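Engineer: From first to last, the protein sequence lines are chains A and B. Numbering (the working numbering) for the first sequence: 1 to 1263. Numbering (the working numbering) for the second sequence: 10001 to 10169. All residues carry an ideal CB built from backbone N, CA and C; glycine is no exception. Being a predicted model, the structure only gives us computed values, none of them experimental. Handing you this structure, nothing more for now.
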Amino acid sequence: MENKPIVTCAGDQSLFTSLYTSLAQQLPKEPMEWRRSYGRAPKMIHLEANFVQFKEELLPKDGNRALLTFPFLHIYWTDCCDTEMYKVSVKDGMLRWQSTLRLHGSVDWLIVVVESEAKKKNKTNILPRTSIVDKIRNDFCNKQSDRCVVLSDPLKESSRSQDSWNSFLTKLRTLLLMSFTKNLGRFEDDMRTLREKRTEPGWSFCDYFMVQEELAFVFEMLQQFEDALVQYDELDALFTQYVLNFGAGDGANWLGSFCATVKRWSGLLLRRPIDMEKRELIQRGEASLLDLRSYLFSRQCTLLIFLQRPWEVTQRALELLHNCVQELRLLEVSVVQGALDCWVFLSCLEVLHRIEGCCDRAQLEANCSHTVGLWTYATEKLKSLGYLCGLVAEKGPTSEDLNRTVDLLAGLGEERPETVNSLQSPYKKLNEALSSVEAFEKHYLELSHAAMEMYRAIGRMRSSRLIGKSLAEFYMKKGDPERAEGFLDDSLRSYVAEGWSLQVTHTRKQMAECQKLLQQTEDYLQTSALLAGDANLTEEERKHFYQVILTFASQAPTVALSMAAFAQLRQMQFSPPGAVVHVGAALQLELRVRCLMPVAVQVEQLAATLHFSLEQGGARGRAGGTQRRTGQGPQGQGDGVVLFPQGSPLAGAGMGASLPPALELYEMQDRSPSDSSLNSTGVVCKNMHLLLRRHDSSASLDTPTAGALPAAVAVDDGAQMLRARDITLQPGDNSILFTAPTGEPGSYTLRQLCGSVGRVQFVQSHIYPVVQYEVYSQEPQLTIEPLSDNLLAGIPQKVKFTIATGHYSVKKGDALQLSNTDSMPILHSSCCSATILSSTGELVGERALSVQSSEKVTSISLPPTPPYHTLEFQLEVLCHIPPTPFKPDIERLTNGEVRHRPKNHSQADSGMIHIDQKVSIDCPWSIYSTLISLTFYVPFKAKHSILSAGKRKYIQVCLQNVSDTNFHLADPVLTELTDRAHTSSLTRSLTHLFGSSFPQTVCSQQSVFCLWEMRWVKHLPLCLQCAFSASFAPVSASDAHTAFKPYRYEFQLDRVSTLYSLKAEILPSSGDQHCRTGALCGLEVSITRQAEPSETEGEEEESTEIEGLRTTKLMYEVVDNSSNWAVCGKSSGVVSMPVAASATHRVQMEVMPLFAGHLPFPDIKVFKYLPHSAVPAIQPDTDSCLENDTMSLLDKGLDDQGDTASIRSRGSIHSVGSGEQQRGLPMPRLEPFSPGQVFYWSQGRQVLVLPVTDDHVMEVNVT
Amino acid sequence: MAVCIAVIAKENYPLYIRSVPVQNELKFHYTVHTSLDVVEEKISAVGKAMADQRELYLGLLYPTEDYKVYPSHMIIVYYTPVCMFFILIENILLYRHTRYGYVTNSKVKFVIVADSSNTSLRDNEIRSMFRKLHNSFTDVMCNPFYNPGDTIQSKAFDSMVSAMMVQAS
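Put into structure tokens, the structure is as follows:
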């Protein structure tokens, strides 16, 4: 196509001809900027022109708007350089030319004056060069001097000529563009005016179409394809809008021609730039809608390909095809059935061919996604044509079908001349495909496979499968189920995987049909089972498929199918709920099953195989009852209910697989093995490995997880199984009761569930979560527990005997033999009875129990008890309180060893003494004796102390109730324990001194004090053994008299008699009546020997014989611990006391009161002073214990009256350093007197100290 | 307006699907399912850019021509790549304890199939329909008794979808 803007040339034709070649060459060389109206962006364009000779016919007449033939510029050429000649001929010519132009209203003109040196030289009488040009300008270009151009020496190669060429060309371009702008602008305005008239009755779209297309052509001519495309798009949109308005009831008259019956459906034609045939049809107003659309699209396609946008073509093509079908329907155009399919099919292929024609293979493959839609569309259309023309039916086309085919082919018309020679033209393809069944199949398969391949290549698996599925339908129609199966299976898998239930149902139905034809009995049955349980189907369909199963069940060989299609497990419940039973016990398992079949099913047998494993440790631990299963146990529910997770029925297996499993949490408690105290507790997630596994972020379609059919199921024949026979399963939930075998101890796990309907077996190969129960066997056990928290010694206490019989059956005559001990007799009670409990804790019976006691053993005859029961009875026992050993508070014996009290030791916290009592029992089931230890606590704690008043002595006994029980206490008696004659050295007690009377209630933690005065006849024995006894009974005891039990406390008193009495007197300084602070006072201490030394005592006392007088050495010490006194001078000393009654020694000391008020006397202590010679040499390595007891006197001087002490207000301070220096030397020893040996007269005395009179004057100045 | 509205889970199974001509349900299911191809393609093609722009609307994506019952449907897909915080307050009344929330990049898709003979449907109308659908869906997710991943059985959601479909006819 060589459409170029027309430029006319007038004037000297030969001159123009000589210049034409170079002009046509040079004009498009440089681009020119084209500024445009209406704010459109400026463009650079290369101008070309078609130079023609000026003729008057070329000028457009009024009303003719053809732009293609419109001369945009008129040029007048002249090379006149002679004034005369100009005046004679050239001017006239120009005038004529101008007037013609003016007549037609054309203002786009240009006069070119060509100058040449050669010509100038020929003429001698030349005017100055410019004059001609000036004349012309003068004559013609009134104000537009630029309308006249000089071109000098155009045929010469000189810079001057080049310059003039350039300026000429620029001028030419500028003027051309100006003309374009002006003329196109005018044209567009006219066009718009025409468009505005579209509501007027006579308006015709076709006319308007032609006008606007003219504009498009011009743009195309100017290489402005984009703009050209816009024109077509506008036309497209306008037309579409009219059609839509028509649909909305607003019809335009001119649309009538488009509503005519479609007679030709020859498809798009894209091989020509302009389909003149169709264009003429449009021009004549005879085009059908398809013609118009086809033409419009072919133009758009051409332009798009010019613009190198082939993929937009495919996209627009698809839209166009959809749209056309839509519009024909909207306009209610009558179309022969199938004609549109033909049109669409041909068009799709035509577009594809066109695209293939302008792209290479690699490009095509890379852009499958753009073309695949057309492929699919073509496939669909061919398929529907095939169905329409009876090419798919097994019998082949009928005569009616053939007639229809002929009609359709007729509408295609003749093949276009462009494609006659190509073998693969769409026309030929369609012709061939519709001509025979085989050819159709070939073409259809070819298209389908091509589309599927493309879809697969771009990863649109779903679309690919959808085509596959329609292929499968095709194969099924053709009676070729083998081929259909693969496609169906593929689709079904993907639908199941993604959980689209309707599709699953639909495809499965097709699958069933396919499998039926293929005689795949097992698969067919499985599919039928799935369909029978499919809620998406109607009742009738489901019954039909169920019937299929029943039919097979009565004839076919055994077939195993998956249980999932048949029924769903809902829950299992054990009874008893713990699912732990002993051997031989009854265990029932209730299974809830949701039957998916549409009608009631008679199941001959429902069996669950069991896996048996011997589990040792667990069963025993559980049987003991001490170790409860913490948390929820393996069943997930505490009450023995196992719930089966339900995948949503809608989503099916695929969804179940894709959802994360629920958290399975268990409580965990860690108890310390020794005292079962809680160490730690926590929550454990059992299925962490499943939850923390990495999940694919998107489900991959390429590998569907769940198959359309569950994997083949194998029936395994376990040795043991749960069985239920002849059950009728109603649709919906059913409950089935199994009795579980409990013959062997161990753990039983349910493995497989199998239901048989005739020969058909429905098998669930795994039961998850794991369901298991345990059977245990238990050894008989005997435990003895106290009824209360603590057993108290001394009073009868009840203990509970518990016998867990385990596997042993207690027969008549079986007895427990308890070996008696003296300290703990078993009390007889006639009304002793035993209760028998079953393993679940239910009361079975109550039997009498006979207890026979001989000297050695107590025999308890047991009532007969079946195995795995518990026998309980209570007995009363009494633990005697052992007599308290001597002086339990002084633990050091003379040999320095700590005394160990066998059996009894104090409890650390409560101070209660407890006694471990061992009981040895012979049980009938064992040849060995059972040794059981019971702990009794002594309820009381006793303490004694000795009190003195001068020579008189008192014994105080404090009895504290350390138990939690309240007691009555009666008859406290203190006796002397002597086996010799002088018994009555002690007399009666003085307890009544307090005015309280016995029996007395002693509450928990209360103490009772009793006081006795000691009187003796001659000498007080050096060592006195006493026993305190009282009787007590719990306050709660019913029979107070019989319940009173004795309590006894024995103790020993040593050296009780008073040896010395100590009297202190504080005398104020002379002349003063009272002591004053800061003033020295005299402290006079007199030590008096009270008693004659007895023989036994004398040995103990260290005495020395000096001049016939026996003396002992005492050391005294004045210590003031309360900082009241300052001892001045020596504070301690050693005195020698004669061993005679009433021997007195006085010591004078000076003390100074530090405070005023009633001050207590400073403490005065007296020790026995044992000189070093009397003591065996003290080992240097003697432990510090000894040093504490015997006060070292290092800092007090060693001489008798040593004045070592200065003012000492505190107690003596040992200097460690000096102590070490003196280590090796023999040292005197101090020994304290035992309590009661020294009587302090002045204990508690106080003396009045006055403050010092204050002589100081305080001056107070007031200003 | 809309003839079929579907909510599709991240794993591509339908959370909710409803179509107006019930007798042709299967066809809609097939259509919606197949359209997922294009959805996935678009998601993976634009991927991150889309998430950044918060542009959830994928636009018209899958035109088909159906010549049997319903002439032609355009399928428009709405896609929610935003991170949604689903706080699982499971059985709050029963146990009174809150479980930890988790963040899921919820690739839930909404698909609206519109009757293409209804040409008055504008792009922003579709957008507003999707916004409504999204809001309603969020309400469903906020229901403490709703388990994410379950099919939607909510009266409110149902009535909202019905309203959008009634608007159509």
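Just mark Leu-1274 of chain A as buried or exposed, buried being the case when its beta carbon has 16 or more other beta carbons within 10 Å.
Structural biologist: Any answer about residue 1274 of chain A is impossible in this case: the structure gives chain A only from 1 up to 1263.
Engineer: What in chain B is Cβ-close to Trp-500 of chain A, meaning under 8 Å?
Structural biologist: Indexing the first sequence from 1 puts residue 500 of chain A at position 500. The answer, in chain order, is Tyr-10013, Pro-10014, His-10029, His-10033.
Engineer: Do you know how far the Cα of Leu-1248 of chain A is from the Cα of Gln-1073 of chain A?
Structural biologist: As a position in the first sequence, residue 1073 of chain A is number 1073, starting the count at 1. As a position in the first sequence, residue 1248 of chain A is number 1248, starting the count at 1. Their backbone Cα atoms lie some 10 Å apart in a straight line.
Engineer: For the alpha helix (DSSP H) containing Tyr-242 of chain A, name the first residue and the last one.
Structural biologist: By 1-based counting over the first sequence, the position of residue 242 of chain A is 242. Here the alpha helix (DSSP H) through Tyr-242 of chain A covers 225-247.
Engineer: So with CB distances below 7 Å, who are the chain B contacts of Ser-463 of chain A?
Structural biologist: Within the first sequence, numbered from 1, the residue matching residue 463 of chain A stands at position 463. Neighbours of Ser-463 of chain A on chain B, chain order: Thr-10034, Asp-10037.
Engineer: Ends of the beta strand (DSSP E) at Ala-1141 of chain A?
Structural biologist: If you number the first sequence from 1, residue 1141 of chain A lands on position 1141. Where Ala-1141 of chain A is concerned, there is no enclosing beta strand (DSSP E), given that its DSSP letter is neither H nor E.
Engineer: Run through the DSSP bridge pairs and tell me what Trp-77 of chain A is partnered with.
Structural biologist: Taking the first residue of the first sequence as position 1, residue 77 of chain A is located at position 77. In the DSSP output, where bridge partners are listed per residue, Trp-77 of chain A has A:Gly-11, A:Val-112.
Engineer: Leaving aside the five residues before and after Arg-723 of chain A along the sequence, list all residues of the same chain whose C-beta is less than 6 Å from its C-beta, in chain order.
Structural biologist: Working through the first sequence from its first residue, we reach residue 723 of chain A at position 723. Cβ neighbours of Arg-723 of chain A beyond the five flanking positions: Ala-607.
Engineer: How long is the line joining the alpha carbons of Arg-493 of chain A and Arg-483 of chain A, rounded to whole angstroms?
Structural biologist: Here the question's residue 493 of chain A lines up with position 493 in the first sequence. Here the question's residue 483 of chain A lines up with position 483 in the first sequence. Computed Cα separation, rounded: 16 Å.
Engineer: Would you tell me roughly how many angstroms separate the C-alpha atoms of Cys-206 of chain A and Gly-285 of chain A, rounded to the nearest one?
Structural biologist: In the first sequence, the residue the question calls residue 206 of chain A occupies position 206. In the first sequence, the residue the question calls residue 285 of chain A occupies position 285. Approximately 6 Å between the Cα atoms of the pair.
Engineer: Can you check whether the C-beta of Glu-9970 of chain B is within less than 9 Å of a C-beta belonging to chain A?
Structural biologist: Shown here, chain B extends from 10001 to 10169; a query on residue 9970 of chain B therefore has no answer.
Engineer: Relative to the alpha-carbon of Trp-1241 of chain A, which residue among A:Asp-1163, A:Arg-1048, A:Leu-374 has its alpha-carbon at the smallest distance?
Structural biologist: The residue labelled residue 1241 of chain A in the question sits at position 1241 within the first sequence. Minimum Cα distance to Trp-1241 of chain A is reached at A:Asp-1163.
Engineer: Is the segment 1041-1052 of chain A close to the segment 1008-1016 of chain A, with three or more CB pairs under 8 Å?
Structural biologist: The segment 1041-1052 of chain A, when compared against the segment 1008-1016 of chain A, does not touch it at the 8 Å Cβ threshold.
Engineer: Rounded to the nearest angstrom, how far is the Cβ of His-582 of chain A from that of Tyr-776 of chain A, given a contact under 8 Å?
Structural biologist: Residue mapping note: residue 582 of chain A aligns to position 582 of the first sequence, counting from 1. Residue mapping note: residue 776 of chain A aligns to position 776 of the first sequence, counting from 1. Yes, they are in contact, since the Cβ atoms of His-582 of chain A and Tyr-776 of chain A sit about 6 Å apart, within 8 Å.
Engineer: Taking 6 Å as the limit between beta carbons, can you name the residues of its chain near Thr-681 of chain A, skipping five residues before and five after?
Structural biologist: Residue mapping note: residue 681 of chain A aligns to position 681 of the first sequence, counting from 1. The residues are Gln-669.
Engineer: Identify the contact partners of Leu-9961 of chain B in chain A, using a Cβ-Cβ distance below 9 Å as the criterion.
Structural biologist: What is shown of chain B runs 10001 to 10169, which leaves residue 9961 of chain B out entirely.
Engineer: Quick one: is Thr-865 of chain A buried, meaning 16 or more other Cβ sit within 10 Å of its Cβ, or exposed?
Structural biologist: Residue numbering aside, residue 865 of chain A sits at position 865 when the first sequence is read from its first letter. When all chains shown are included, Thr-865 of chain A counts as buried.
Engineer: Can you confirm whether Ala-706 of chain A, when its beta carbon is compared against all beta carbons of chain B, has any partner nearer than 9 Å?
Structural biologist: For the purposes of this step, residue 706 of chain A is taken as residue 706 along the first sequence, with counting starting at 1. Annotation note: pLDDT 36 at Ala-706 of chain A (below 50); position unreliable, coordinate value reported separately. Chain B, which has no Cβ nearer than 9 Å to the Cβ of Ala-706 of chain A, makes this no.
Engineer: Are three or more beta carbon pairs between the segment 556-571 of chain A and the segment 750-770 of chain A nearer than 8 Å?
Structural biologist: Yes, they touch.
Engineer: Would Arg-1245 of chain A pass as a contact of Phe-1161 of chain A if the rule is Cβ separation under 9 Å?
Structural biologist: In the first sequence, counting from the first residue as 1, residue 1245 of chain A sits at position 1245. In the first sequence, counting from the first residue as 1, residue 1161 of chain A sits at position 1161. Cβ atoms of Arg-1245 of chain A and Phe-1161 of chain A: closer than 9 Å.
Engineer: According to the Cβ coordinates, are Phe-644 of chain A and Leu-569 of chain A closer than 9 Å?
Structural biologist: For the purposes of this step, residue 644 of chain A is taken as the residue at position 644 of the first sequence. For the purposes of this step, residue 569 of chain A is taken as the residue at position 569 of the first sequence. Closer than 9 Å, so yes.
Engineer: Quick check: the Cα distance between Ser-933 of chain A and Leu-791 of chain A, rounded to an integer number of angstroms?
Structural biologist: Locating residue 933 of chain A in the first sequence gives position 933, counting from the first residue. Locating residue 791 of chain A in the first sequence gives position 791, counting from the first residue. Those two C-alpha atoms are separated by around 12 Å.
Engineer: Which residues, in order along the segment 443-472 of chain A, keep a beta-carbon less than 9 Å from a beta-carbon of chain B?
Structural biologist: Those would be Tyr-455, Ile-458, Gly-459, Arg-460, Met-461, Arg-462, Ser-463, Ser-464, Arg-465, Leu-466, Lys-469, in chain order.
Engineer: Looking at the C-beta of Gln-503 of chain A, does it have a partner C-beta in chain B at a distance below 9 Å?
Structural biologist: Here residue 503 of chain A refers to the residue found at position 503 of the first sequence. By this cut-off, Gln-503 of chain A is an interface position.
Engineer: Which residues in chain A have a C-beta closer than 7 Å to the C-beta of Glu-10025 of chain B? List them in chain order.
Structural biologist: Stepping through the second sequence from its first residue, residue 10025 of chain B is reached at position 25. Those are Leu-502, listed as they occur along chain A.
Engineer: For Pro-5 of chain A, does the count of other Cβ atoms within 10 angstroms reach 16, so buried, or fall short, so exposed?
Structural biologist: To locate residue 5 of chain A, count along the first sequence from 1; it is residue 5. Burial call: buried.
Engineer: Using a cut-off of 9 Å between C-beta atoms, extract the partners of His-506 of chain A located in chain B.
Structural biologist: Here the question's residue 506 of chain A lines up with position 506 in the first sequence. Going along chain B in sequence order, the residues near His-506 of chain A (Cβ under 9 Å) are Leu-10026, His-10029, Tyr-10030.
Engineer: Buried or exposed: which applies to His-869 of chain A, given that a residue is buried once 16 or more other Cβ atoms fall within 10 Å of its Cβ?
Structural biologist: What you label residue 869 of chain A is simply residue 869 of the first sequence in a count that begins at 1. Burial call: buried.
Engineer: Report all residues from its chain with a CB closer than 6 Å to the CB of Phe-225 of chain A; omit the five preceding and five following residues, and keep chain order.
Structural biologist: Translated into the one-based positions of the first sequence, residue 225 of chain A becomes position 225. So the qualifying residues of the chain are Leu-303, Phe-306, Leu-307.
Engineer: What three-state label does DSSP hand Asn-10024 of chain B in the structure shown?
Structural biologist: Your numbering for residue 10024 of chain B matches position 24 in the second sequence. The answer is helix: DSSP assigns Asn-10024 of chain B an H, G or I state.
Engineer: Which two residues bound the contiguous beta strand (DSSP E) that contains Leu-750 of chain A?
Structural biologist: Here residue 750 of chain A corresponds to residue number 750 of the first sequence, with the count starting at 1. It spans 746-757 - the beta strand (DSSP E) in which Leu-750 of chain A sits, taken as one unbroken run.
Engineer: Quick check: is the beta carbon of Tyr-666 of chain A nearer than 9 Å to any beta carbon in chain B?
Structural biologist: Here residue 666 of chain A is taken as the residue at index 666 of the first sequence, counted from 1. Not an interface residue.
Engineer: By the 10 Å Cβ neighbour count, where 16 or more other Cβ atoms means buried, how is Pro-42 of chain A classified, buried or exposed?
Structural biologist: The residue given as residue 42 of chain A occupies position 42 in the first sequence. Exposed, by the Cβ-count rule.
Engineer: For Tyr-937 of chain A and Ser-854 of chain A, what's the separation of their Cα atoms in angstroms?
Structural biologist: The residue you call residue 937 of chain A lines up with position 937 of the first sequence. The residue you call residue 854 of chain A lines up with position 854 of the first sequence. Roughly 27 Å separates the two Cα atoms.
Engineer: Could you give the DSSP three-state label for Lys-29 of chain A: helix, strand or coil?
Structural biologist: Here the question's residue 29 of chain A lines up with position 29 in the first sequence. In the structure shown, Lys-29 of chain A sits in a helix (DSSP, three-state: H, G or I).
Engineer: Round the Cβ separation of Phe-487 of chain A and Gly-468 of chain A to the nearest angstrom and send it over; I've been treating them as touching at under 8 Å.
Structural biologist: Sequence index remark: in the first sequence, residue 487 of chain A carries index 487 (1-based). Sequence index remark: in the first sequence, residue 468 of chain A carries index 468 (1-based). With 8 Å as the limit, Phe-487 of chain A and Gly-468 of chain A qualify as a contact, their Cβ atoms being about 4 Å apart.
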